[in-house]
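K.L.:
Numbering (this note's numbering), first residue to last: 90 to 252. The C-beta atom is built at its ideal place from N, Cα and C for all residues, glycine as well. Pasting a structure below so you can have a look.
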């Protein structure tokens, strides 16, 4: 839920720069204090928007994770021993993406999908338009897609109350 909240807080792209636990606690407290939530989110949004170079790099696959993936892939393709870095548990952990998303916001796209990249994950293809937001969620049978979509819907309703 925290990852979903982080992803859905900034409908125009990017990610949260405030501790997710703080915002999640504020949303889940049920206090209904939308003014507090608004005060918590607005500075975060302004800071996030001041970092366009980070957004551009990640949007076009130029983040460090893509670089490491390419190095590992090239080494394996050449039959080389994979460097120790790629055997480290931390590397495995950052590559276990339970929530894998792709934006499909384009006048040329009405519906699309994105597959989960790990067996216990979700794939979310989403679009944000002027007058509607939609998403298509995929998962392997062991995951509860219906519950996930209900959480997305509730999160967006909560966010719209504040923003």
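(1) Less than 8 Å separating the beta-carbons of residue 234 and residue 226?
(2) Following the continuous beta strand (DSSP E) through residue 51, name the residue where it begins and the one where it ends.
(3) Please go through the same chain and pick out, in chain order, the residues whose beta-carbon is closer than 8 Å to the beta-carbon of residue 209, but skip the five residues on each side of it.
(4) Could you tell me which residues DSSP pairs with residue 226 in its beta bridges?
(5) Can residue 223 and residue 189 be called in contact, C-beta distance under 8 Å?
(6) Report the residue ranges of all alpha helix (DSSP H) runs contained in full by the segment 177–215; include only those spanning at least 4 residues, in chain order.
(7) Would residue 183 be called buried (16 or more neighbouring beta carbons within 10 Å of its own) or exposed?
(8) What does a CB cutoff of less than 8 Å around residue 252 pick up in its chain, not counting 5 residues either side in sequence?
(9) Is residue 169 helix, strand or coil by DSSP?
P.N.:
According to the structure data:
(1) On the chain shown, residue 234 is found 145 positions in, with the first residue counted as 1. On the chain shown, residue 226 is found 137 positions in, with the first residue counted as 1. A contact, by the Cβ cut-off of 8 Å.
(2) No answer is possible for residue 51: the residues shown for the chain start at 90 and end at 252.
(3) Translated into positions along the chain shown, residue 209 becomes position 120. Answer for residue 209: 187, 229, 231 and 232, listed in chain order.
(4) The residue given as residue 226 occupies position 137 in the chain shown. Answer is 213, bridged to residue 226.
(5) As a position in the chain shown, residue 223 is number 134, starting the count at 1. As a position in the chain shown, residue 189 is number 100, starting the count at 1. In this structure, residue 189 does not lie closer than 8 Å to residue 223 by Cβ.
(6) As far as the segment 177–215 is concerned, its whole alpha helix (DSSP H) runs of at least 4 residues are 178–183.
(7) For the purposes of this step, residue 183 is taken as residue 94 along the chain shown, with counting starting at 1. By the neighbour-count definition (other C-beta atoms within 10 Å, threshold 16), residue 183 is an exposed residue.
(8) Along the chain shown, read from residue 1 onward, the residue named residue 252 stands at position 163. If the five residues before and after residue 252 are omitted, its C-beta is found closer than 8 Å to the C-beta atoms of 127 and 130, all from its own chain and listed in chain order.
(9) Along the chain shown, read from residue 1 onward, the residue named residue 169 stands at position 80. Looking at residue 169 - three-state DSSP - the assignment turns out to be coil, as it is neither helix nor strand.
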